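So the sequences go chain by chain: C and B. Quick note on UniProt numbering: the first sequence kicks off at 1 and runs consecutively. Quick note on UniProt numbering: the second sequence kicks off at 1 and runs consecutively. Before any comments, here is the structure.
Protein chains: 2
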Amino acid sequence: MPNKAKSVTIYDVAHLAGVSKSTVSLVLTQSSKVAAKSKQKVLNAIDELGYVYNRDAAAMRSGRSNLVAVVIDDLTNPLMAELAAHLEQQLNSAHFQTIIVSSNNSVERQTSTINNLKEYNVAAFIVCPVANTCALWLDKLASHYNVITLMHEVPYSAAPCVLPDYNKAGHLTTLELLTNTLNTVIFIGDNSQTSKAQAAGFISACEQKKVTEYCVITHAENSVLQAKQLFNETLVNQPHISAVVCANDIIAQGVLAAAPHLLNSIVSCQHVPVRKDLGYTFTCAVLNTQEIAKRSLLVLQEQLQNNTAPVKTLVNVNLQIRETH
Amino acid sequence: MPNKAKSVTIYDVAHLAGVSKSTVSLVLTQSSKVAAKSKQKVLNAIDELGYVYNRDAAAMRSGRSNLVAVVIDDLTNPLMAELAAHLEQQLNSAHFQTIIVSSNNSVERQTSTINNLKEYNVAAFIVCPVANTCALWLDKLASHYNVITLMHEVPYSAAPCVLPDYNKAGHLTTLELLTNTLNTVIFIGDNSQTSKAQAAGFISACEQKKVTEYCVITHAENSVLQAKQLFNETLVNQPHISAVVCANDIIAQGVLAAAPHLLNSIVSCQHVPVRKDLGYTFTCAVLNTQEIAKRSLLVLQEQLQNNTAPVKTLVNVNLQIRETH
DNA sequence: CTGAAAGCGCTTACAG
DNA sequence: CTGAAAGCGCTTACAG
Numbered sequence: 001m002p003n004k005a006k007s008v009t010i011y012d013v014a015h016l017a018g019v020s021k022s023t024v025s026l027v028l029t030q031s032s033k034v035a036a037k038s039k040q041k042v043l044n045a046i047d048e049l050g051y052v053y054n055r056d057a058a059a060m061r062s063g064r065s066n067l068v069a070v071v072i073d074d075l076t077n078p079l080m081a082e083l084a085a086h087l088e089q090q091l092n093s094a095h096f097q098t099i100i101v102s103s104n105n106s107v108e109r110q111t112s113t114i115n116n117l118k119e120y121n122v123a124a125f126i127v128c129p130v131a132n133t134c135a136l137w138l139d140k141l142a143s144h145y146n147v148i149t150l151m152h153e154v155p156y157s158a159a160p161c162v163l164p165d166y167n168k169a170g171h172l173t174t175l176e177l178l179t180n181t182l183n184t185v186i187f188i189g190d191n192s193q194t195s196k197a198q199a200a201g202f203i204s205a206c207e208q209k210k211v212t213e214y215c216v217i218t219h220a221e222n223s224v225l226q227a228k229q230l231f232n233e234t235l236v237n238q239p240h241i242s243a244v245v246c247a248n249d250i251i252a253q254g255v256l257a258a259a260p261h262l263l264n265s266i267v268s269c270q271h272v273p274v275r276k277d278l279g280y281t282f283t284c285a286v287l288n289t290q291e292i293a294k295r296s297l298l299v300l301q302e303q304l305q306n307n308t309a310p311v312k313t314l315v316n317v318n319l320q321i322r323e324t325h
Numbered sequence: 001m002p003n004k005a006k007s008v009t010i011y012d013v014a015h016l017a018g019v020s021k022s023t024v025s026l027v028l029t030q031s032s033k034v035a036a037k038s039k040q041k042v043l044n045a046i047d048e049l050g051y052v053y054n055r056d057a058a059a060m061r062s063g064r065s066n067l068v069a070v071v072i073d074d075l076t077n078p079l080m081a082e083l084a085a086h087l088e089q090q091l092n093s094a095h096f097q098t099i100i101v102s103s104n105n106s107v108e109r110q111t112s113t114i115n116n117l118k119e120y121n122v123a124a125f126i127v128c129p130v131a132n133t134c135a136l137w138l139d140k141l142a143s144h145y146n147v148i149t150l151m152h153e154v155p156y157s158a159a160p161c162v163l164p165d166y167n168k169a170g171h172l173t174t175l176e177l178l179t180n181t182l183n184t185v186i187f188i189g190d191n192s193q194t195s196k197a198q199a200a201g202f203i204s205a206c207e208q209k210k211v212t213e214y215c216v217i218t219h220a221e222n223s224v225l226q227a228k229q230l231f232n233e234t235l236v237n238q239p240h241i242s243a244v245v246c247a248n249d250i251i252a253q254g255v256l257a258a259a260p261h262l263l264n265s266i267v268s269c270q271h272v273p274v275r276k277d278l279g280y281t282f283t284c285a286v287l288n289t290q291e292i293a294k295r296s297l298l299v300l301q302e303q304l305q306n307n308t309a310p311v312k313t314l315v316n317v318n319l320q321i322r323e324t325h
């Protein structure tokens, strides 16, 4: 279906301003080689006619585009929504037009949505890949388009990646926990790259503190109920667990439900912002989504200048100590 | 900066397939007047060359576009993120390409982002307007583009609007509350159209139940802390309040913090989904964002067919009784 | 500093 | 059912 008419073109503007099409185009593209007088005439004409620039035509002719697609795995995850909003702000301030799409945690949707977007001449794809994204597919995409991945690492992919220092998150939260407890401590996460990095940090902290009894579980799911069940089962075999490092707030919530008495001995490696003024339930590592957005923009800009972009950017994380004991 | 080369065009496809450009174009636009044999040759050539359709060129030539912009006031609001995801799914299934942008609760950002998007030849704007959106501005936009507003009503605007039946939400939650309490009951909301509608439902329920002592407060803000403070102040003057109807979960949370003893006498007119498996804290009205998305698509389709779209669509709300008492 | 001309990759009548 | 031609609204050398 056609949109409502918007037929005024560069030609009409040129006509009204009494200059040529080229001059109007030069004004539009912020060229410095237009006389101030002509420029003003053009600007007035644009205003008078209500002219709106047609970027499709411009992009087609010039072969350039300032459209950046942000492909989010799950927009209903507050952390991701926050990240998307920051990315939009950053890209916007660098004069890109951001378009956000959600792949709803589905590999198929991610593939099809990116394929569709290719037809719109986007300059780059910034993608938070869904679980089980294929490295080959990603690398192929990256060979034709500018691609940056965020937050989740796709194993063995060569695409540049910006993500929080999950290892450090695991390390810091574990250290904090170990200032109080030095008994049996356990890490609970899933089988993602993220949890692997957190677990590595957890282990290094345990060894640094000379904890002898620690273990790592990596088959949790990101569900409060499943985590609760899992921890209940774990407690049967290992009733002496005295402290728990969780991959994120959701798992932590489940563990807490299973073992309320451990309230002060549960930490989370990844805080999920829920409601700003509600405080923190657990001592946790907080990811700075704004910083991740900034870094992503930098990588993008390097890529567009054909510099070799850093393959992996690790963004710092901060420890947030639970306020109420 | 240029995107990585993608130089294969309809012409190359035609050449390889041994047909003319027109024939390729007809295949691409799903025309039925192409011989099956030719079609297959074209499809094979497309596959072999890795051709990708250039929608900018197509849109420019045809004057049509299937791009729909979804402009969200606040993407970090879980309810809005959920709505955006549903809208994307609905639009996608109707073969539109959705682009989501966030205006971050700022009128200026909303204006500038929509102005930018105009340059990309979008077929329609679906917007959740930020507070204080000017009706004149909106109506002007709607006179040039297809516009649908969602969730928040802009007073005195003529743009079509799809929103939950807030009045009913206020009515149902109040009735539910009044099955237990028949004492002094109060409504707390802000000065938005939404709260006004909820308050109207609240009042009609109070009168239906012949409650004599009820009052309405409409100067709350959507903040847990502010709501807590406000309710504390309210309690000083009206210590006999025995039940509270809140505009949403955030305010309800604040009220609960101020008066924990009222736990079973607080209801919320608008549930904000936070974590799927955590259950409901308050008895509340739940908005069906999927239904809102569906209705929006229907209105859009009517608009595009130049039928007169319904000016206002009220979507049903459901009462969710708190499970644990 | 400005104008005339070519062309980006498509679609769309219009003949054949 | 298929091909040759015009044109969507721009940008970009290239002369003037």
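Cβ atoms here follow ideal geometry from the backbone N, Cα and C, with glycine treated the same way. Note that the structure is a prediction, hence the values are computed from the model and not measured.
Threshold first: 3 residues or longer. Then list the beta strand (DSSP E) segments lying entirely within the segment 87–171 of chain C, N to C.
Complete beta strand (DSSP E) runs here, min 3: 97–102, 124–127, 146–150 and 161–164.
If you measure between the beta carbons of D165 of chain B and N316 of chain B, is that distance less than 8 angstroms?
Contact: yes.
Quick one, which of C:I188, C:V24 and C:I114 has its alpha-carbon nearest Q253 of chain C's?
Ranking the options by Cα distance to Q253 of chain C, first place goes to C:I188.
Spatial neighbours of E291 of chain B within its chain, please: CB distance less than 8 angstroms, with the 5 preceding and 5 following residues excluded, ordered by chain position.
Counting only Cβ-Cβ distances below 8 angstroms, and skipping sequence neighbours, we find V315 and N316.
With 16 as the cutoff for other CB atoms within 10 Å, does D47 of chain C come out buried or exposed?
The residue is exposed, with fewer than 16 neighbouring Cβ atoms inside 10 Å.
Taking the beta strand (DSSP E) that N237 of chain B belongs to, which residues open and close that run?
Here N237 of chain B belongs to no beta strand (DSSP E); instead the alpha helix (DSSP H) covers V224 to N237.
In the DSSP assignment, the alpha helix (DSSP H) including V42 of chain B goes from what residue to what residue?
Start and end: A36 to L49.
Span of the beta strand (DSSP E) holding V299 of chain B?
Premise fails: V299 of chain B lies in the alpha helix (DSSP H), T289 to L304, not in any beta strand (DSSP E).
Would you tell me roughly how many angstroms separate the C-alpha atoms of L263 of chain B and Q193 of chain B, rounded to the nearest one?
L263 of chain B and Q193 of chain B: Cα-Cα distance of roughly 27 angstroms.
Out of curiosity, what's the CA-to-CA distance linking V224 of chain B and N167 of chain C?
Their Cα atoms are separated by approximately 34 angstroms.
For E88 of chain C, collect the residues of the same chain with a Cβ closer than 6 angstroms to its Cβ; drop the 5 residues on either side in sequence, then sort them by chain order.
Here the set comprises T98.
Here's the rule: buried if 16 or more other CB atoms are within 10 angstroms of the residue's CB, otherwise exposed. What is A205 of chain C?
Result: buried.
For a contact meaning CB atoms closer than 7 angstroms, what does Y11 of chain B contact in chain C?
Within chain C, no residue comes near Y11 of chain B; the closest Cβ sits about 15 angstroms away, beyond 7 angstroms.
Going by DSSP, which residues form a beta bridge with Y214 of chain C?
BP columns for Y214 of chain C point to C:V185.
Is K4 of chain B helix, strand or coil when you go by DSSP?
Reliability fails at K4 of chain B, whose pLDDT of 48 lies under 50, so the model's placement of it is uncertain and the value that follows must be treated cautiously. K4 of chain B falls in the coil class under three-state DSSP.
Compare the C-alpha of A135 of chain B against each of B:L117, B:A123, B:V154 and B:L150 and name the closest.
The shortest C-alpha separation from A135 of chain B is found at B:V154.
Once you ignore the five residues that flank T313 of chain B on each side, which residues in its own chain have a CB closer than 6 angstroms to its CB?
Once the five neighbours on either side are set aside, the close Cβ partners of T313 of chain B are V162 and R295.
How big is the Cα-Cα spacing for V286 of chain B and N318 of chain B?
Roughly 5 angstroms separates the two Cα atoms.
Per DSSP, Q320 of chain B forms a beta bridge with which residues?
According to DSSP, which records beta bridges pairwise, Q320 of chain B is partnered with B:C284.
Among B:N115, B:L175, B:Q305 and B:E207, whose alpha-carbon lies nearest the alpha-carbon of Q320 of chain B?
The shortest Cα separation from Q320 of chain B among B:N115, B:L175, B:Q305 and B:E207 belongs to B:L175.
How long is the line joining the alpha carbons of K4 of chain C and V255 of chain B, rounded to whole angstroms?
Bear in mind that a pLDDT of 48 at K4 of chain C, under 50, signals an unreliable position, so the number given afterwards is only what the model happens to contain. Each residue's Cα considered, the two are about 48 angstroms apart.
Between which two residues does the alpha helix (DSSP H) holding K196 of chain C run?
Unbroken alpha helix (DSSP H) run through K196 of chain C: Q193 to Q208.
Which bits of chain C does Q110 of chain B rub up against, with CB to CB less than 9 angstroms?
The contacting residues do not exist; Q110 of chain B stays about 13 angstroms from chain C at best.
Could you check where the beta strand (DSSP E) with residue 334 of chain C kicks off and where it finishes?
Outside the displayed range of chain C (1 to 325) lies residue 334 of chain C, so it cannot be described from this structure.
So, does the CB of Q229 of chain C fall closer than 8 angstroms to a CB anywhere in chain B?
Taking Cβ atoms only, chain B never reaches closer than 8 angstroms to Q229 of chain C, which makes this a no.
In chain C, what lies closer than 7 angstroms to R55 of chain B by C-beta?
Neighbours of R55 of chain B on chain C, chain order: E119 and Y120.
Classify S268 of chain C as helix, strand or coil using the three-state DSSP reduction.
In the structure shown, S268 of chain C sits in a strand (DSSP, three-state: E or B).
Taking Cβ to Cβ, would you say V299 of chain B is nearer than 8 angstroms to V267 of chain B?
No; because the gap between Cβ atoms is not below 8 angstroms, this pair is not in contact.
Could you check where the alpha helix (DSSP H) with residue 340 of chain B kicks off and where it finishes?
The structure shown has nothing for residue 340 of chain B, since chain B only spans 1 to 325.
What whole-angstrom Cβ distance do L150 of chain B and V127 of chain B have, given they're in contact under 8 angstroms?
Right, their Cβ atoms sit about 7 angstroms apart.
Do V130 of chain C and V107 of chain C have their CB atoms nearer than 8 angstroms?
In contact: V130 of chain C and V107 of chain C (Cβ atoms closer than 8 angstroms).
Using a Cβ cut-off of 9 angstroms, pull out every chain C residue sitting near N288 of chain B, in sequence order please.
Within chain C, no residue comes near N288 of chain B; the closest Cβ sits about 15 angstroms away, beyond 9 angstroms.
Taking 8 angstroms as the threshold (beta carbon to beta carbon), is T174 of chain B in contact with chain C?
Output row for T174 of chain B: interface = no.
Can you give the Cα-Cα distance for H219 of chain B and N116 of chain C, rounded to whole angstroms?
Rounded to whole angstroms, H219 of chain B to N116 of chain C spans 46 angstroms at the Cα level.
Could you spell out the range, first to last residue, of the alpha helix (DSSP H) harbouring V245 of chain B?
Looking at the DSSP string, V245 of chain B is not in any alpha helix (DSSP H); the run it does join, the beta strand (DSSP E), is A243 to C246.
By a C-beta neighbour count over all protein chains shown, 10 Å radius and 16 as the cutoff for buried, is T76 of chain C buried or exposed?
The residue is buried, with at least 16 neighbouring Cβ atoms inside 10 Å.
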